[in-house]
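The next block holds one structure in the form of structure tokens; read it before the comments.
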Amino acid sequence: MENLKDFLLMSEEEKIRRIKSLDPEEVIRILISVGTNALSAELLNQLAVAYNNSIQPEKAMETLDLVKEQERDAKWYYRYGYAYAAISLRLQEKKFLYQWKALEMIEKAITGSKTPEVIDWCLEMMDLRPDLTQLAKMNPSSFPRLSAYYLKARPDNEGSGEEEKYKKVSAIEWIFNQQEYLPDAFARDFNMYMAKRYPDDWSESRADEFVLEEPEILVIYEAWIRSPAQLHDNERLNEEDDLKEENKDNDMWQVEIMAHLKADNGKAFTLQELIFKLQNLMADKELGDHVFLEGMEYEGHECEGNGLIDNPDGISVFYVCCGS
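If you're matching positions, the sequence shown starts at 1 in our numbering and goes up one per residue.
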């Protein structure tokens, strides 16, 4: 648990870096203890991120409203749109209104973005929300930038056989934390999270649905580590050069990791099983503020996987998409 006195003695840059390395619950505890009136625009944004990742979108909006108008950038609009989209999931009467508001915020985020990062976040959100996608496609003149970017990046006729085959894993979600779980404990927390996320649609039987019909896969993800000892036996670095001393930042290296996962039944992964295995891979790593699992993208096939496998036919490789 973070010592509040130590946190207050940090520079603004150190505070932001530290906050990005913590779980959402700890971020909320610390920043609320400091007091919202004492927080900079960036720290208010990080508090809103923590609320969004804790499925408290109303609190995220309240926090974002505290940011002065002249300090509201593309990320601010994305986070507000994310909150609107989250609320729309549990509404009936005002569902359309909140969906529309979400798209308005996404449109502003794309318009104001100075880097591809925020645009990518917006497109990922659209991938996860077919209801928003459909609404945007029906009203292209209301969301011209979103329509231009999304339809260009995701045309209706796009998609190889592999992309269609792996469609289910592109929409899996979870909030990573630094707890290494046993199966029963994870099942409890996973079902609690999903029931809170989808109060009208979730049932525990969905956790056991097969989402990936592969006996084994390779996954790639990005993280911060302090030592190579944090890698599990089924993990390898994609680039050993990442561990050069000059690449260290705040005593940590930013690395890309490849891991080998096997299905328990030797045939296919269930939803809960796949996310359980991803969670335990990342539990001892730092993800910064990118703790929100936003699906996996098919990357192709590997025969050796940095020495993890030896399969002349190759096995499927997926990139784990994490957002804030």
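For glycine and all other residues, C-beta sits at the position ideal for the given N, C-alpha and C.
About 7 Å separates the beta carbon of residue 206 from that of residue 271, a gap short enough to meet the 8 Å contact definition. Shown here for residue 290: same chain residues with a beta carbon closer than 8 Å to its own, the five before and five after excluded, namely 222, 322, 323 and 324 in chain order. The criterion of a C-beta distance shorter than 8 Å is not satisfied by residue 8 and residue 49. Partner residues in the beta bridge of residue 174, as assigned by DSSP, are 293. Unbroken alpha helix (DSSP H) stretches of 4 residues or longer found wholly inside the region 63-107: 74-88, given in chain order. Taking the Cα positions, residue 232 is about 14 Å away from residue 218.
Cβ neighbours of residue 89 within its own chain (closer than 8 Å, five residues either side excluded): 197 and 198. DSSP places residue 237 in the uninterrupted beta strand (DSSP E) bounded by 235-237. If you draw a straight line from the Cα of residue 141 to the Cα of residue 111, it comes to about 14 Å. The beta carbons of residue 82 and residue 108 sit about 13 Å from each other, so the pair does not count as a contact at 8 Å. Bounds of the beta strand (DSSP E) holding residue 224 are 216-225. For residue 42, same chain residues with a beta-carbon under 8 Å away, outside a window of 5 residues either side, are 12 and 16 in chain order.
The criterion of a C-beta distance shorter than 8 Å is satisfied by residue 176 and residue 279. Between the C-alpha atoms of residue 208 and residue 173 there is a straight-line separation of about 15 Å.
Note that the C-beta distance between residue 285 and residue 230 is below 8 Å. Residues 261 of the same chain have their beta carbon placed closer than 6 Å to that of residue 277, with the five preceding and five following residues left out of the count. If you draw a straight line from the Cα of residue 184 to the Cα of residue 79, it is about 33 Å long. In the DSSP secondary-structure assignment, residue 300 is bridged to 317.
Here residue 286 carries a strand assignment [DSSP, helix/strand/coil]. For residue 262, the enclosing beta strand (DSSP E) has its first and last residue at 253-262. Restricting attention to 115, 195 and 104, the CA atom closest to the CA of residue 135 is found in 104. Linking residue 288 to residue 27 through their CA atoms gives a straight-line distance of about 11 Å.
Residue pairing of residue 128 in beta bridges, as defined by DSSP: absent, with no partner found. In this structure residue 57 is buried. Its beta-carbon is surrounded by 16 or more other beta-carbon atoms within 10 angstroms. If only complete runs of 4 or more residues are kept, the region 13-61 shows the alpha helix (DSSP H) at 24-34 and 41-53, in order along the chain. Residue nearest to residue 53 within the set 293, 180, 302 and 314 is 293 (criterion: CA-CA distance). In the three-state scheme derived from DSSP, where H, G and I count as helix and E and B as strand, residue 200 is classed as coil.
Listed in chain order, the non-local C-beta contacts of residue 20 below 6 Å within the same chain comprise 288 and 289, local neighbours out to five positions each way being set aside.
Nearest C-alpha to residue 120 among 146, 137 and 101: 146. For the pair residue 299 and residue 32, the Cα-to-Cα distance works out to about 41 Å. Exposed is the label assigned to residue 182, since fewer than 16 other Cβ atoms lie within 10 Å of its Cβ. According to DSSP, residue 322 shares a beta bridge with 293.
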